[in-house]
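Protein sequences, first through last, are from chains A and B.
Residues 1 to 206 in my numbering are what the first sequence lists, from first letter to last.
Residues 1001 to 1206 in my numbering are what the second sequence lists, from first letter to last.
For reference, the structure is listed below as structure tokens.
There are 2 protein chains.
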Amino acid sequence: MIFILENDIYGFEKNYRRNLINSISGFKSLNLIGTKNEKGSENLALFSQVIHIGAMPPLIGVLFRPNAMNSKRHTLNNIEKTGYYTLNHVNSKIYQQAHQTSAKYPEGISEFECCNLTPEYILDFYAPFVKESHIKIGLEFVEKYIININQTELVIGKIKHIIITNENAIEEDGQVKLELSDSLTVCGLNSYYTAELIEKMPYAKV
Amino acid sequence: MIFILENDIYGFEKNYRRNLINSISGFKSLNLIGTKNEKGSENLALFSQVIHIGAMPPLIGVLFRPNAMNSKRHTLNNIEKTGYYTLNHVNSKIYQQAHQTSAKYPEGISEFECCNLTPEYILDFYAPFVKESHIKIGLEFVEKYIININQTELVIGKIKHIIITNENAIEEDGQVKLELSDSLTVCGLNSYYTAELIEKMPYAKV
């Protein structure tokens, strides 16, 4: 049995602490966010801090690092300036390329090109989707909250488009069978997992 | 190829829409939240809308439904009144009991008892942990944000305690190997999955 107290956490080496706290809350979703700036330069970045906010209207939240800590804010800048962005599920064929988008490429370089992923424009949506992804969501920026205690920024967007390449991946009740789109899950910053269904449970009654 | 537009989403039957939007953002973490009110009554509830907020200080966010929509707000009430709560990872031995906590039990009934899970008090922490869980986190309430567009409530807590039953589950770099604690992941509201590691990638460099 391992017991870790708050003060132990403050005493850990920085990377050890980051890895521990990033992984301790459990498995996370894994999406590439595609954006384009006003001049037309495309950007692609990997995010695991994504949260379902609501179904009506359909909303998704993404947490960004604090402004001061993060020199690379192309994604957030593009979202705020253009209003549009895409979420693209990472699958087992592209997770290595997706991971590579987190390298610190210089300004003006497109991660699509460096990481061998293909920008795809669908239904006149401003931001690029990832062609190789099997579940893609087009979002419109709605609002942003700056979290007081650590200055992270929660961006909330409304779903404008959903594209699912496998027509069997939606069940009769509306639920997406993520394994039929080969969607992965992630632990911490860099451990990639496939998921296997144990059971779909009926609505719980007393 | 399935294309769903924003207006299609508004036209879907309510449960269909809920299932679609709850599952479309990808796999989610799966935690039981344990609380206790000022009179000592224990409460346990299943949550998948949990997000890593930061490592220093160590912070986790949980999204709650709007006040008006949700008659059962014991968890949030207890957190705000007492200041303490626990997150307990759901594993393959207890997911059916964990799911059952989402049934609408009447006021004053403990889900621990109804669902055959054991409250456990560790290191004088006010809120109960779940004995059967292998990764447990004690949290202290820090702040709350009400999301303007849909009135959901984001509760941010600071990690006070981490308890991991399997001593091999922390790697040398601090990362938790979630599969060694049998932690599950969930799609939508009710599809439970195990996860299998594909690859842990090194830090990405240009």
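Cβ atoms here follow ideal geometry from the backbone N, Cα and C, with glycine treated the same way.
Residue j beta carbon less than 8 Å from that of residue i
| i | j | result |
| --- | --- | --- |
| L87 (chain A) | N31 (chain A) | yes |
| P119 (chain A) | P106 (chain A) | no |
| I198 (chain A) | Y1126 (chain B) | no |
| I53 (chain A) | T1152 (chain B) | yes |
| K1205 (chain B) | A103 (chain A) | yes |
| A195 (chain A) | F1027 (chain B) | yes |
| F112 (chain A) | E38 (chain A) | no |
| M1201 (chain B) | Q96 (chain A) | yes |
| I1024 (chain B) | I94 (chain A) | no |
Beta carbon proximity, residue i to chain D, threshold 8 Å
| i | result |
| --- | --- |
| H74 (chain A) | The displayed structure is made up of protein chains A and B, and chain D is not among them. |
DSSP state of residue i mapped onto helix, strand, coil
| i | result |
| --- | --- |
| E140 (chain A) | strand |
| I1147 (chain B) | coil |
| K160 (chain A) | strand |
| A1127 (chain B) | coil |
| K166 (chain A) | Here residue 166 (chain A) turns out to be Asn, not Lys, going by the sequence shown. Coil, per DSSP. |
| E1172 (chain B) | coil |
| K1014 (chain B) | helix |
| C187 (chain A) | strand |
| I1009 (chain B) | helix |
| E1107 (chain B) | coil |
| L178 (chain A) | helix |
| E1113 (chain B) | helix |
Residue i beta carbon near the ligand ATP (any heavy atom closer than 7 Å)
| i | result |
| --- | --- |
| N1022 (chain B) | In the structure shown, the ligand ATP is absent, as is every other ligand, since no ligand is present at all. |
Selection from the options that minimises the alpha carbon distance to residue i
| i | options | result |
| --- | --- | --- |
| K1131 (chain B) | B:K1014, B:R1065, B:G1157 and B:N1091 | B:N1091 |
| V142 (chain A) | A:M1, A:S25 and A:P58 | A:P58 |
| R65 (chain A) | A:C187, A:V206, A:I146 and A:K160 | A:I146 |
| I1137 (chain B) | B:K1177, B:K1160, B:I1024 and B:M1001 | B:K1160 |
| K14 (chain A) | B:I1109, B:Y1084, B:Q1175 and B:N1077 | B:Q1175 |
| N168 (chain A) | A:S181, A:Q97 and A:Y85 | A:S181 |
| M1056 (chain B) | A:G40, A:E38, A:Q100 and A:G11 | A:G11 |
| I1004 (chain B) | A:N77, A:Q100, A:N78 and A:I135 | A:I135 |
| R975 (chain B) | B:N1150, B:N1116 and B:K1036 | This structure leaves residue 975 (chain B) out entirely; chain B is present only between 1001 and 1206. |
| I60 (chain A) | A:I149, A:Q49 and A:G40 | A:Q49 |
| Y121 (chain A) | A:E6, A:N7, A:S29 and A:G40 | A:G40 |
| D173 (chain A) | A:N67, A:A68 and A:Y203 | A:Y203 |
| N148 (chain A) | A:N77, A:N7 and A:N67 | A:N67 |
Contacting residues, own chain, Cβ-Cβ under 8 Å from residue i (five flanking each side not counted)
| i | result |
| --- | --- |
| L1009 (chain B) | Note that residue 1009 (chain B) is Ile in the sequence shown here, rather than Leu. For I1009 (chain B), where only same-chain residues beyond five positions count, the Cβ hits under 8 Å are R1017, L1020 and I1021. |
| K1144 (chain B) | E1080, E1153, L1154, V1155 and I1156 |
| G1188 (chain B) | N1019, N1022 and S1023 |
| N150 (chain A) | P66 |
| G1108 (chain B) | S1041 |
| N1190 (chain B) | H1099 |
| N77 (chain A) | N37 |
Sequence-distant residues of its chain with Cβ nearer than 7 Å to residue i (five each side left out)
| i | result |
| --- | --- |
| I1170 (chain B) | I1164 and V1176 |
| F1047 (chain B) | N1031, I1033 and V1062 |
| E140 (chain A) | G83, Y84, G157, K158 and K160 |
| N166 (chain A) | H134, L180 and S181 |
| L1184 (chain B) | L1030, V1090, N1091, S1092, Y1095, Y1192, Y1193 and T1194 |
| L117 (chain A) | L44, I94, Q97, V130 and E132 |
Chain-order list of residues whose beta-carbon lies under 6 Å from that of residue i (same chain, five-residue window excluded)
| i | result |
| --- | --- |
| S1133 (chain B) | N1088 and H1089 |
| S110 (chain A) | E42 |
| S29 (chain A) | V50 |
| T1101 (chain B) | L1044, A1045, L1046, E1111 and C1115 |
| L178 (chain A) | none |
| N7 (chain A) | none |
Output the residue ranges of the alpha helix (DSSP H) runs that lie fully inside the region 1018 to 1098 of chain B and measure 4 residues or longer, sorted by chain position.
1074 to 1082
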